[in-house]
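Heads up, the thing below is written out as structure tokens.
There are 2 protein chains.
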Amino acid sequence: MKLTGYELADPHQLDATFAALADPTRRAILTRLAAGEATVRELAAPFSMSQPAISKHLKVLERAGLISRGRQAQRRPCRLRAEPLRVATDWLANYRDFWEESYQRLDQLLGEVQRQQAAEIERPGGNHE
Amino acid sequence: MKLTGYELADPHQLDATFAALADPTRRAILTRLAAGEATVRELAAPFSMSQPAISKHLKVLERAGLISRGRQAQRRPCRLRAEPLRVATDWLANYRDFWEESYQRLDQLLGEVQRQQAAEIERPGGNHE
DNA sequence: TGGATAGAAAACCAGAAGGTTATGAAACTA
DNA sequence: TAGTTTCATAACCTTCTGGTTTTCTATCCA
């Protein structure tokens, strides 16, 4: 458990990244882009959604730094920029130990609680879940 | 690059998890909870925000499965449930190879660009970023 | 020159998010 | 019993989100 209690990365960056990832359409777009560059039309094709809606999603992804856009004639090919995903993963990594040990911890905690309940006068105790 | 093109986990689960993580207050609450159980009052203390606002945040976290709540007298101690964080991390892990190679890729690209610029006079094309 | 194609931008809308204050409900405490 | 503490719920407000349709701009092509 090596949590700092503070966020190392720019909070706004994490806000934008996690918010961008909270939409299934945008996650699907990122998944598609991991296979290589794609134009807006190509990205829009799988979805039953208007083209401007996709453009909006792309703008969200761009503002989060998750994609960059080039220019080829009329097309604006999009490319994945994975750096913010690394930052997000770094944040989540702080909890890795926790969920890996969570069963151990749960056992320990239940043990403690039971001992407390056995030794204390205070009756009703933490019925978590 | 071992992307499937499909999401392995329940999309709604990822929606809820990432949406929950998109708020700095909620991330701070999770960070606090990683240090151990805490009551609503304790969780609210660091923030200049009303108690109902914190309760709302906790409800969001609970619906995302990121916390569970017990009961001790009037108190409802909250406990971190890290499983959804593992799921989110698993999703992000699909991109790990991509961002790890990105520096290599960037170096390659910069090398190419520099060589082109050295050999060329001017040619507008693919100005990503 | 005059379309067609690719995509962005504008205007609009319904619903969700995030905050507030006020009130209510349990359970402890004097 | 009355009061306090802890927390949730309700009602309300403002802003953000995610979608729409319509229109505009830029570039290719015949």
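Sequence lines, in order, name chains A and B. The opening position of the first sequence corresponds to residue 1 in the UniProt record's numbering, with each subsequent residue numbered one higher. The opening position of the second sequence corresponds to residue 1 in the UniProt record's numbering, with each subsequent residue numbered one higher. Positions of the beta carbon are idealized from the N, C-alpha and C atoms, including for glycine.
Residue i vs residue j beta-carbon contact at 9 angstroms
i	j	result
B/Arg-81	B/Gly-65	yes
A/Ile-67	A/Leu-30	yes
B/Ala-23	B/His-57	Reading the sequence as shown, one finds Asp at residue 23 of chain B and not Ala. Yes, they are a contact pair.
B/Arg-96	A/Arg-86	yes
B/Pro-46	B/Arg-32	yes
A/Asn-94	B/Ala-34	yes
Which listed residue (the options) has its alpha carbon closest to that of residue i
i	options	result
B/Cys-78	B/Gly-36, B/Thr-25, B/Asp-23 and B/Ala-19	B/Gly-36
B/Asp-10	B/Met-49, B/Ala-88, B/Glu-100 and B/Phe-98	B/Ala-88
B/Pro-84	A/Leu-61, A/Gln-13, A/Phe-47 and A/Phe-98	A/Phe-98
B/Glu-100	A/Gly-70, A/Gln-72 and A/Asp-90	A/Asp-90
B/Gln-13	B/Val-60, B/Ser-50, B/Ile-54 and B/Ser-55	B/Val-60
Residue i, buried or exposed, once every other Cβ within 10 Å from all chains shown has been counted against 16
i	result
A/Ala-20	buried
A/Ala-44	buried
B/Arg-69	buried
A/Arg-115	Low local confidence applies: a pLDDT of 44 at A/Arg-115 is under 50, so the model's placement there is unreliable, and no value is given.
B/Gly-5	Confidence at B/Gly-5 is low in this model, with a pLDDT of 42, below 50, so the placement of that residue should be treated as unreliable; the coordinate-derived value is given next. Exposed: under 16 other Cβ atoms inside 10 Å.
Rounded Cβ spacing between residue i and residue j (contact assumed at less than 8 angstroms)
i	j	result
A/Thr-17	A/Arg-75	In fact, because the Cβ distance is near 26 angstroms, the residues do not count as touching under 8 angstroms.
**OP:** At 4 residues or longer, and completely inside the UniProt domain "HTH arsR-type" (6-100) of chain B: list those alpha helix (DSSP H) runs for me, N to C.
**Re:** Correct list: 11-21, 24-33, 40-44, 51-63 and 83-93.
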